[in-house]
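Peer 1: Residue numbers (our numbering): 33 to 214.
#1: DSSP three-state call for residue 81: helix, strand or coil?
#2: If you pair each beta-carbon of the stretch 123 to 136 with each one of the stretch 98 to 105, do three or more pairs fall below 8 Å?
#3: Using 10 angstroms around the beta-carbon of residue 67, count the other beta-carbons present and answer buried if the total reaches 16, otherwise exposed.
#4: Specify, as a first and last residue, the run of the alpha helix (DSSP H) that residue 39 falls within.
#5: Find the nearest neighbour of residue 192 within the set 147, 156 and 119, judged by alpha-carbon distance.
#6: Which runs of the alpha helix (DSSP H) at least 4 residues long sit entirely within the stretch 104 to 147? Give them in chain order.
#7: Can you tell which of 116, 62 and 85 has its C-alpha closest to the C-alpha of residue 194?
#8: Should residue 92 be labelled buried (16 or more other beta-carbon atoms within 10 Å of its own) or exposed?
#9: Is the beta carbon of residue 80 less than 9 Å from the beta carbon of residue 160?
#10: Measuring alpha carbon to alpha carbon, tell me which residue in 106, 203, 113 and 209 is nearest residue 170.
#11: Could you say which of 48, 114 and 85 lies nearest to residue 190 if we only look at CA atoms?
#12: Can you name the start and end residues of the alpha helix (DSSP H) that residue 174 belongs to?
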């Protein structure tokens, strides 16, 4: 069951990940939040989510220990771009924004940049992902051209597949929702 989370719950998740990284013997681990927690980090209070979605710059052993030692379900990887047939545009790690919500000893927490997060949401295209993307374009005054440019970059670097057709349709549908007057 999804539960609504706010900033306090996000801080608790970050602290739990920091403690788990410490137990795993990891130091200075870079974590990029994506998914629902990233929307919450950007201010979407009361957003419901099932789990932690994050990229962790560490080996499998560290990722496994972090997952086992936090009290919430988690989907963790070393490359969030590979979660879909559509890639997140190159450079997303460099564009990720630091998140200093909670003091940490073992991890450095970042949030996928708003446009990259929107692209990741459009890859999945569930109702809650559309709502997250609409929230982000309003909060950060993201223009239609920014989304079109990022989606084109994502398509150009993704492996050829029929998923590209679905993604294009999703982007076009989203653009009509976000900018109904052109």
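Heads up, the beta-carbon is just placed ideally off N, CA and C, and yes, glycines get one too. Predicted, not measured: the structure shown is a model, and the values here were computed from it.
Peer 2: Let me lay it out:
#1: strand
#2: no
#3: buried
#4: 39 to 55
#5: 119
#6: 124 to 127
#7: 116
#8: exposed
#9: yes
#10: 209
#11: 114
#12: From DSSP, residue 174 is part of no alpha helix (DSSP H); its letter is neither H nor E.
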